[in-house]
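Student: Protein chains in written order, with the working numbering: chain B, 1 to 169; chain F, 1001 to 1121.
To start, I am sharing the structure in question, which I have written as structure tokens.
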């Protein structure tokens, strides 16, 4: 039976936050924690949303940032709508690797994207999303998670492959 | 000129692969999902290489790989998976299905080019 546990949400969201820092750094954008949290503004925000499901854990991940931040992490001529979807995809992929290293495997959906102003997360279990600041704007990582009763992350183990790596068969 | 087909639902990824391989002299075709990739491959059986994302709408990259291998006309096209996935079971599935390589995003252009030069027939 799947249950909503604040401690599990917080733990997995923290993993996703670390994954976001690594991901954005790989694309040249440095993030640091934003203690003031997220703020509703009239700035246009782009958001990528992806679901994930496994035997022990399932949920949804949302990545949001202003257009300037999305484009700061993008190759030349990238379209924000497309790139934020790809960033969400790579964020969840990276988070998946972190979960796998702790014994939990998930399957991924494909991203959906939205944009708007005055967007705010409304978490249901009191776990506030992780917010970062960058030179070009704030970045939000928000997970809603359910876990199997008795779920616990295992000891970390090394994986066979990691980001940027090429395996030849 | 060697022809490469990149199949990825991200337009930006397709453009980056096309830019990297195009600058190195490859002729790059694009498809947005596995079904479009299968149709394009069927019309271009002389492809030197296919670069496939895994998680895509309509048909994912591993199902596309299976379909390519099931058709004598496309079975011999070398396939490189370019994906965020690092799950061992998926990597094993691709290996068993005859893929030649698995490259995990984000990827440096020089790594992609090295793989393409090594794998393209």
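We treat Cβ as the ideally placed atom computed from N, Cα and C, and that holds for glycine.
For a minimum of 3 consecutive residues, which ranges assigned as the beta strand (DSSP E) are wholly contained in the region 1049–1118 of chain F?
Tutor: Correct list: 1049–1052, 1079–1083 and 1101–1104.
Student: If you measure from the beta carbon of residue 1050(F) to each beta carbon in chain B, is any gap under 7 Å?
Tutor: Within the second chain, residue 1050(F) is the residue found at index 50, counting from 1. So, not an interface residue.
Student: Between the Cα of residue 65(B) and the Cα atoms of 57(B), 91(B), 139(B) and 9(B), which residue gives the shortest distance?
Tutor: Locating residue 65(B) in the first chain gives position 65, where the first residue counts as 1. The candidate whose alpha carbon is nearest that of residue 65(B) is 139(B).
Student: In angstroms, rounded to a whole number, what distance separates the CA positions of residue 1106(F) and residue 73(B)?
Tutor: Within the second chain, the letter at position 106 stands for residue 1106(F). Within the first chain, the letter at position 73 stands for residue 73(B). Computed Cα separation, rounded: 12 Å.
Student: Please name the residue or residues paired with residue 1003(F) in a DSSP beta bridge.
Tutor: Position 3 of the second chain, counted from the start, is the residue given in the question as residue 1003(F). Answer is 1027(F).
Student: Once DSSP output is grouped into helix, strand and coil, what is the label at residue 111(B)?
Tutor: As a first step, residue 111(B) must be located in the first chain, where it is residue number 111. If DSSP states are grouped into helix, strand and coil, residue 111(B) belongs with coil.
Student: Classify residue 1114(F): buried if its beta carbon has 16 or more other beta carbons within 10 angstroms, exposed otherwise.
Tutor: Residue 1114(F) sits at position 114 when you count from the first residue of the second chain. With fewer than 16 other Cβ atoms within 10 Å, it is exposed.
Student: Verify the CB distance criterion: does residue 110(B) have a CB-CB separation below 7 Å to chain F?
Tutor: Walking along the first chain from the start, residue 110(B) turns up at place 110. Judged by the 7 Å Cβ criterion, residue 110(B) is in contact with chain F.
Student: With 16 as the cutoff for other CB atoms within 10 Å, does residue 118(B) come out buried or exposed?
Tutor: Here residue 118(B) refers to the residue found at position 118 of the first chain. Looking at its Cβ environment, which holds fewer than 16 other Cβ atoms inside 10 Å, residue 118(B) is exposed.
Student: In whole angstroms, what separates the C-alpha of residue 1048(F) from that of residue 1022(F)?
Tutor: Here residue 1048(F) refers to the residue found at position 48 when the second chain is read from its first residue. Here residue 1022(F) refers to the residue found at position 22 when the second chain is read from its first residue. When rounded, the distance between both Cα atoms is 13 Å.
Student: Looking at C-alpha atoms only, which residue of 157(B), 167(B), 133(B) and 126(B) is the closest neighbour of residue 7(B)?
Tutor: The residue you call residue 7(B) lines up with position 7 of the first chain. The shortest Cα separation from residue 7(B) among 157(B), 167(B), 133(B) and 126(B) belongs to 126(B).
Student: What distance in whole Å lies between the Cβ atoms of residue 57(B) and residue 147(B), which are believed to be in contact at a cut-off of 8 Å?
Tutor: If you number the first chain from 1, residue 147(B) lands on position 147. If you number the first chain from 1, residue 57(B) lands on position 57. Yes, they are in contact, since the Cβ atoms of residue 147(B) and residue 57(B) sit about 5 Å apart, within 8 Å.
Student: So, helix, strand or coil for residue 1045(F), using DSSP?
Tutor: As a first step, residue 1045(F) is located in the second chain; it is residue number 45 there, counting from the start. Three-state result, residue 1045(F): coil.
Student: Write down every uninterrupted run of the alpha helix (DSSP H) in the region 44–80 of chain B whose length is 4 residues or greater and which is fully enclosed by it, in chain order.
Tutor: Within the region 44–80 of chain B, the complete alpha helix (DSSP H) runs of at least 4 residues are 67–72.
Student: Can you tell me where the beta strand (DSSP E) with residue 25(B) in it begins and where it stops?
Tutor: For the purposes of this step, residue 25(B) is taken as residue 25 along the first chain, with counting starting at 1. Residue 25(B) -> not in any beta strand (DSSP E); alpha helix (DSSP H) instead, spanning 6–26.
Student: Starting from residue 132(B), trace the beta strand (DSSP E) in both directions and tell me its first and last residue.
Tutor: The count along the first chain starts at 1 and reaches residue 132(B) at position 132. Looking at the DSSP string, the run of the beta strand (DSSP E) that includes residue 132(B) is 130–134.
Student: For residue 78(B), go through chain F and note every residue whose CB falls closer than 9 Å to its CB, in chain order.
Tutor: By 1-based counting over the first chain, the position of residue 78(B) is 78. Ordered by position in chain F, the residues that pass the 9 Å Cβ test against residue 78(B) are 1011, 1012, 1015 and 1016.
Student: Can you tell me the Cα-Cα spacing of residue 1035(F) and residue 1053(F), whole angstroms?
Tutor: Within the second chain, numbered from 1, the residue matching residue 1035(F) stands at position 35. Within the second chain, numbered from 1, the residue matching residue 1053(F) stands at position 53. Going from the Cα of residue 1035(F) to the Cα of residue 1053(F) covers about 12 Å.
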